[in-house]
Amino acid sequence: MNRTLFYLIILAAIATVYLVIFSFLNYEDVHPQQNVNPVVSTTVQYTRAFFVSIFIVLFFCMVGLVLLLVYLLARSAQPEHFRGMIEKNGQTSYRNVIITPNRPSSTFVKAKEAAGSGDVSWLNIIVRRVAEEVIYKNATKLRDEIISFLNTGIELPDIMGPLVVSDLNFGAEPPKVQTIVAKQTIDELIVDVDLIYEDKDTTLALKTSVNVNTPIVGWLVLPISASVHDIFMHLKLRLSFSIDLRRVHVSLLEQPDFDATFSNELGDRSTIRNIPYITDVINRAIFTKVREILLEPNHLTFELPPLEISLSSKEKVERKEVHIVREVQKEKSKKHSHQVKDDLSSSSSSSSSSSDSESNSDKDKQKLKKRKSRRK
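Read left to right, the sequence shown gives residues 17 to 392 (the numbering used here).
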């Protein structure tokens, strides 16, 4: 509808300019004047027609802008679903489509997981526990690192200001592992994970602005606030852990399957909601940034905190009792080993003494024999 209105305004402006010029050119034929230089009269007519035409064109442009503004303010725009980028002929293109709430892609993945369930269900339990103990307890630090990463170098068109990530909420659902492959090298542990991340509570808040009076920056600026929520991602990640498990490199093995809901508001008081151009520009900027930073061989590095497991009082008592029992067993084993050593040493000493006595008796016998032989 807005395209049809734009065409009608252009046609009306062209027709008005044509009529004005035609009327001024024929003004002298209808109202002839006496004693007027024809060259001067023609110049005045053309000059007057030129300025009046410019005035009428500007007037219709203002009318068109007002009608467009009224349309944008009055329309009931809904947040737009957008999906990941598709590679065509070496160029990055984007497909913005309205997706039904049942999410066909994620439903298919869930059905596939249910058909082959039982392989990695134990791993998903571990992932949930690790997420509770490590990620959610250190959510503020991870959020600050991700926000600082996203706030560096996301390029928007010149008409728009810098894109700033103001807030990030991880939600409450950890990712679900589909398949996992691990291998050990000399320097690191490499884990390739195929996982699904889907959480309606995960939100990404964004801020930017539109410079209406471009290229003069800061004279007439309209703020833009946007949010990405209801996020679904199918990722193939590579996690490279250091030997001491204090550092991890995160990278994408291929383009992610991405689906989310994007909403935006233009203005401070009277806001214009969900403009498709803003959705496309920010979507393109985010995907380009993620591809430049995370797609192999690029990676993002995180410092891992030490794992601290909190135990209840009952578990602490049980662990203390187990520790005491183990200490007692160690003492008993030590005493037993010492006793065995003493027995072995005593037996060896007795055997040596008996051998010595036997050797001494043999020597005495030999001496007696020698004496008897001498007497004879």
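Using N, Cα and C, we set each Cβ at its ideal position, and we do this for glycine too.
Asked	Found
DSSP-derived helix/strand/coil call for R289	strand
Whole-angstrom distance between D210 and S243, CA atom to CA atom	27 Å
From T295, V306, V68, residue whose alpha carbon lies closest to that of K223	T295
Beta carbon of V136 nearer than 8 Å to that of T195	yes
Cα-Cα separation between I288 and E161, rounded to whole angstroms	32 Å
Cβ neighbours of K104 in the same chain (closer than 7 Å, five flanking residues each side left out)	Because K104 carries a pLDDT of 34, less than 50, the predicted location of this residue cannot be relied on, and no value is offered for it.
Rounded distance between the beta-carbons of A155 and F186, thought under 8 Å	6 Å
Status (buried if at least 16 other CB within 10 Å, exposed otherwise) for V197	exposed
C-beta atoms of E312 and L268 nearer than 8 Å	yes
Exposure of P190, with buried meaning 16 or more beta-carbon neighbours within 10 Å	buried
Simplified DSSP state of N167, which is helix, strand or coil	coil
Same chain, Cβ closer than 6 Å to F318, neighbours up to 5 away in sequence not counted	V264
Alpha carbon of S164 to alpha carbon of V266, nearest angstrom	16 Å
Close-in-space but distant-in-sequence residues of the same chain around I298 (CB under 7 Å, 5 per side omitted)	L179, L222, A242
Spatial neighbours of L166 in its chain, beta-carbon cut-off 6 Å, leaving aside the 5 residues before and after	V181
Euclidean distance between Cα positions of F124 and K192	Residue placement at F124 cannot be trusted, given a pLDDT of 32 that sits under 50; what the coordinates show is reported in the next sentence. Distance between the alpha carbons of F124 and K192: 14 Å.
Cβ shell of N283 (< 8 Å), same chain only, five flanking positions each side left out	Note that residue 283 is Gly in the sequence shown here, rather than Asn. Excluding sequence neighbours, G283 sits near L238, P239.
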